[in-house]
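A.B. asks:
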Amino acid sequence: MRLFSSADYDALYQERIERGEVICCEHDFEVVETSYGGLSQGRFYRVDLRPELWLEIFDEYWQEPLSLKTRHHNKMPLIAKFYLKGRHRVSTANVAEVPPEYEEVEGQNYLFFLPDLTEIEENPAGSLKVVRICLDIDEFRRLNTGFQALPLPLRQVVEGQDEIRFHQGLGRLTPAMRVAIAQILNCPYQGATKRFFLEAKALELLALQLDQWSQEPQPRAVKKLPSGDLERLYQARNVIQQNLTDPPSLLELARQVGLNDYKLKQGFRQHFGTTVFGYLQTCRMEQAQHLLLENPHLTVAGVAQSVGYASHSRFCHAFKRQFGASPQAYRIAQRG
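Under the working numbering, the first residue of the sequence shown carries the number 3, and numbering increases by one thereafter.
#1: Determine which residues share a DSSP beta bridge with R134 and list them.
#2: Going by DSSP, which residues form a beta bridge with F114?
#3: Short of 6 Å in beta carbon distance, which residues of its chain neighbour T276, apart from the five on each side in sequence? Order them along the chain.
#4: Only counting the same chain, and skipping five residues up and downstream in sequence, which positions put a Cβ closer than 6 Å to that of R134?
#5: To the nearest angstrom, how far is it from the Cα of L145 to the Cα of P153?
#6: Secondary structure at Y11, three-state DSSP: helix, strand or coil?
#7: Following the continuous beta strand (DSSP E) through E106, name the residue where it begins and the one where it ends.
#8: Check each candidate in T94, L55, L41 and G88 and name the one with the smallest Cα separation from L1.
#9: Can you give the Cα-Cα distance for E62 and N96, rounded to whole angstroms?
#10: Three-state secondary structure (DSSP) at T36?
#11: Can you tell me whether DSSP reads L255 as helix, strand or coil?
#12: Go through its chain and collect everything with a Cβ distance to D50's Cβ below 7 Å, but skip five positions before and after it.
#13: To the nearest angstrom, how far is the alpha carbon of A256 from that of F142?
#14: In angstroms, rounded to a whole number, what distance separates the CA positions of G230 and G269?
#15: Express the C-alpha separation of D248 and A182 in angstroms, rounding to a whole number.
#16: Which two residues bound the contiguous alpha helix (DSSP H) that contains T247?
#17: Just list the residues that DSSP pairs F46 with in beta bridges.
#18: Using alpha carbons as the reference points, say which of V159, L86 and K131 lies closest to A115.
#19: When the distance is taken between beta carbons, is H169 closer than 9 Å to V100?
#20: Using 10 angstroms around the beta-carbon of P298, count the other beta-carbons present and answer buried if the total reaches 16, otherwise exposed.
#21: Helix, strand or coil for E124? Go by DSSP, reduced to three states.
#22: Mapping DSSP to helix, strand and coil, what is S313?
#23: Check the C-beta distance from S328 over to F317 and give it rounded, since I have them as a contact under 8 Å.
#24: Just reading off the alpha helix (DSSP H) that V92 is part of, what are its end residues?
#25: What residues are listed by DSSP as bridge partners for F6?
#26: Give the range of the beta strand (DSSP E) segment to which H29 is assigned.
#27: Please report the distance separating the alpha-carbon of S215 from that of Q192.
#28: In angstroms, rounded to a whole number, what distance separates the CA positions of E17 and I25?
#29: By how many angstroms is the C-alpha of I81 removed from the C-alpha of G162?
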């Protein structure tokens with residue numbers, strides 16, 4: 003795995019722009035960077051919601067793994083991260099408040115404040131889809147008056163205590179978080195309306211994180227899975243992705259990948275933040291979303307059948323729970 007400093011990575015990024023591998027478009031309050039080859043393919047999106055609050059979406063496929071060594075400045079914002087695909091491993095030396103190594107993984111969400119430190123972030127090859135919200139800590143102070151209700155590490159930061167840092171794993175993406183994220187990813191508005199809508203959703207996600215943290219102030223440490231089990235879990239995930247219309251049973255899936263059903267269920271929930279069935283549902287909904295938008299002549303019933311639903315009503319109910327609108331209403335809103 004190649005290790006880049008921030009300066010080396012910036013130089014490589016500039017070279018990719020010159021070779022036409024990356025195209026950057028800026029318009030008003032939005033930036034879109036599209037990568038067409040080389041190191042990665044995909045899209046990075048940033049929207050400035052206000053001077054002290056911005057939203058970023060990473061939807062990329064990395065051709066090879068890399069490590070990036072970064073120095074965080076003193077004015078680092080409060081950052082919320084929501085992992086839909088992929089993972090990062092992070093190493094941070096000589097910081098008492100932060101573990102020397104930790105991993106951020108698919109299906110989980112995190113909130114952290116890490117100014118004035120150096121870290122190495124390992125980015126594996128493969129898909130990465132992350133929503134990130136950045137909020138200046140002074141703006142967070144202005145938004146909050148009930149400091150005493152905040153979790154202790156965050157309250158200490160807000161109160162201005164020196165040298166306070168934290169990295170908090172908050173657990174699985176909740177259904178409410180997934181709905182808000184889906185609404186962000188599929189925002190039907192433009193211009194000022196879009197900006198207001200995305201700001202509201204970004205603040206909603208932060209509120210959901212604070213609620214999740216307050217309900218579980220001492221999250222359990224995640225036990226590291228053996229590398230062999232981890233490889234089999236990813237194999238199981240691939241089997242699910244490739245068999246949406248006729249998925250194997252839990253026992254059949256466990257046999258296919260060489261795990262017992264208990265390890266499969268436990269490992270899937272621990273590493274991906276959802277159950278095997280929950281992941282199947284998410285994949286079906288994402289495929290349904292794609293079919294609704296890319297195949298305008300395909301009926302909703304046809305979409306339901308294409309992703310493995312025999313019941314039209316059950317499909318519509320599951321779609322609305324995931325995206326906050328019925329399939330037909332969603333399709334109409336996206337066309338508009």
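Glycine is no exception: its CB is placed at the ideal position from the N, C-alpha and C atoms. Predicted model only: the values in this text are computed from it and were never measured.
C.D. replies: From the atom records:
#1: In the DSSP output, where bridge partners are listed per residue, R134 has E58 and K83.
#2: Bridge partners of F114: I81 and H169.
#3: By the criterion of a C-beta distance shorter than 6 Å, T276 is surrounded in its chain by G109, once the five residues flanking it on both sides are discounted.
#4: Annotation for R134: E58 and K83 place their beta carbon closer than 6 Å to its own, counting only its chain and skipping 5 residues before and after.
#5: The straight-line gap from Cα to Cα measures roughly 16 Å.
#6: In the three-state reduction of the DSSP assignment, Y11 falls in the helix class, which pools H, G and I.
#7: Boundaries of the beta strand (DSSP E) harbouring E106: E103 to V107, taken from the DSSP string.
#8: The structure shown does not extend to residue 1, since the chain is modelled only from 3 through 338, so no value can be given for it.
#9: Roughly 31 Å between the two C-alpha positions.
#10: DSSP places T36 within a strand segment (E or B) once states are collapsed to three.
#11: Three-state result, L255: helix.
#12: The answer, listed in chain order, is F31 and W56.
#13: If I take the Cα positions, the gap works out to 46 Å.
#14: Approximately 12 Å between the Cα atoms of the pair.
#15: Whole-angstrom Cα-Cα distance: 29 Å.
#16: From DSSP, T247 is part of no alpha helix (DSSP H); its letter is neither H nor E.
#17: BP columns for F46 point to E35 and F60.
#18: The sequence given here has Phe at residue 115, not Ala. For F115, the nearest C-alpha among the options comes from V159.
#19: Here V100 is near H169, since their CB atoms are less than 9 Å apart.
#20: P298 counts as exposed, since fewer than 16 other beta carbons sit within 10 angstroms of its beta carbon.
#21: Of the three classes helix, strand and coil, the one that applies to E124 here is strand, per DSSP.
#22: Secondary structure at S313: coil, using DSSP grouped into helix, strand and coil.
#23: By a beta-carbon distance limit of 8 Å, S328 does not contact F317. Their separation comes to about 10 Å.
#24: First-last for V92: R89 to T94, but that is the beta strand (DSSP E), not the alpha helix (DSSP H).
#25: Paired residues: L70.
#26: Counted as a single uninterrupted DSSP element, the beta strand (DSSP E) harbouring H29 occupies residues V24 to H29.
#27: A small correction: the amino acid at residue 215 is Trp; Ser does not occupy that position in the sequence shown. Here the C-alpha atom of W215 lies approximately 33 Å from the C-alpha atom of Q192.
#28: If you take the alpha carbons of E17 and I25, they lie about 12 Å apart.
#29: Taking the CA atoms as reference points, G162 sits about 17 Å from I81.
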